[in-house]
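Down below is the structure, laid out as structure tokens.
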Amino acid sequence: MKFADIIGQEDVKQRLRLAADQGRVPHAMLFTGIEGSGTLPLAIAFAQYLLCHHHIDGDSCGTCPSCLKFEKLAHPDLHFAFPIVRTSTSTVCDTLLPQFRECVLADPYISSTQWLDTISESKQGTIYANESDEILRKLMLKSFEGDLKILILWQPEKMHPTGANKLLKLIEEPPAGTILLLVSNDPEHVLGTIVSRTQRIHLPPVSVDSMSEMLRGRYPTLTEEEVRFASRLARGSVITAREIAETNESSRRYFDDFAFLMRTAWGIRYFKTQDKKAQALLQLRQFAETIGKTSRDNQQAFLSYAQRLLRENFIYNLQEQRLRYLASFEQEFSSKFSPYIHESNVLGIMQCFSDAQRDIAQNVQSTLVFCDLGLRLILLLKPE
Ligand SMILES: [Zn+2]
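First residue of the sequence shown: 4, per the numbering used here; consecutive thereafter.
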């Protein structure tokens, strides 16, 4: 991971670069910032920079033997400690190191919750007391490549107090050539005696400009307006920005179908002439046939999307300002559609969609399911 891979944070990168280039790297540092600000990936990029021998343009080269090992997070002088869940056989991180590497390489902005979700059902992760013995043992060894030994300790706030106390001396006076990089999104819960022995590197929330640039590159289908919207709403967290963008992308796929279904069902009831009503009925049938030919996964995803948008419209109608995840095209539609979703029909309409989901899951013929859904909606869609 190079500095260039980290979103924004140019000032912090510059500070780290200078410290490294001038040989003034503190032996214990605490990287802090909100989740999604890039604390873990930046600590890794810094470690890579420290061990790379061929800096290019203020960044690690990405091609030297050391950088190539970093590409797999498998440099022998790079050690990790992170919260785990106790298994019957082990309470040390190394057991889960392959999984940890895989997760962080797949998404360096991984949140602590995502990590725990991948390793267990539990919501509580701990860095167990005996991990400290492991750390001490590893850092006492000579470095493999003759350079620095670096420990990245993710979430020191999850350290068992006994373990944390065992590390105090190490943090105060690490063996020669050892650098400890502690990474916390919750520094208030890190033991004060540890905090006071480290130099704090604080990452501010990612700037709107950097976030926009990331979103444009990663989600090319977003409009400029949506990019700005997601960047502002994310409040500096890459994790949140991506969530908003992804919701937006999947929404776009289903929105047109949803709007069409609702308009057609509405038309069958409210159009003035029999001709127009008959035409809408025919369109409803065609809609059911078209979506009925797509995969069942797609049908289920559409039905889930519809329920989400219905919920948001109900809330919209209640005039509550909790429209976090409505994209601009959804908002425009909702401003006219929401009066049709209210206390007396919201449950009934939601029921139609969840019945359809159940039927699709049970392999009922899809066209029939969607026809039935449309017909039920005709009776339910009406202003309060
Ligand atoms: Zn290199």
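Built from N, CA and C at the ideal position, the CB exists for glycine as well.
Asked	Found
Pairwise C-alpha distance: Q117 and L19	28 Å
Run of the alpha helix (DSSP H) containing V15, from where it starts to where it stops	E13 to D24
Euclidean distance between Cα positions of L53 and Q202	17 Å
7 Å Cβ shell around L218 - same chain, five flanking residues per side excluded	L225, V230, A233, S234, A244 and A248
Start-to-end residues for the alpha helix (DSSP H) that takes in V211	V211 to R221
First through last residue of the beta strand (DSSP E) which encompasses S187	T181 to S187
Nearest to E346 (by Cα), restricted to the options D189, R314, F274 and A31	R314
Those residues which DSSP pairs with L33 across a bridge	L185 and R203
Close beta carbons around N133, own chain, < 8 Å, minus the five adjacent residues each side	T94, V95 and G166
Helix, strand or coil at A109 according to DSSP, with G and I counted as helix	helix
Identified DSSP bridge partners for I155	F83 and L184
Pair within 7 Å by beta-carbon distance, H58 and C67	no
Local conformation of D260 per DSSP, three classes	helix
Endpoints, the alpha helix (DSSP H) within which M143 is located	A132 to M143
Strand pairing of S62, partner residues [DSSP]	At residue 62 the sequence reads Asp, which differs from the Ser that was named. Answer by DSSP bridge pairing, in chain order: I59.
H57 Cβ short of 6 Å to ligand 1 heavy atom set	yes
Continuous alpha helix (DSSP H) stretch holding I294: start and end	Q277 to G295
Nearest-angstrom Cα separation, counted from A330 out to L287	26 Å
Cβ-based burial, Q302 [other Cβ within 10 Å; buried from 16]	buried
Contact with chain C by L108, beta-carbon distance below 7 Å	Of the protein chains in the structure, only one exists, and it is not chain C.
Limits of the unbroken alpha helix (DSSP H) element including Q302	R299 to N320
Closer than 6 Å: C67 CB and nearest ligand 1 heavy atom	yes
M4, DSSP secondary structure in three states	coil
Spatial distance of D24 from A304 (CA atoms)	51 Å
Contact set for I242: own chain, Cβ-Cβ below 8 Å, skip 5 residues either direction	E38, G39, Y112 and S114
6 Å CB neighbourhood of D62 in its chain, flanking five on each side removed	K5, F6 and A7
DSSP three-state assignment for T224, whether helix, strand or coil	coil
Contacts around A50, its chain only, beta-carbon distance under 7 Å, and the 5 residues preceding and following it disregarded	L81, I153, I155 and L184
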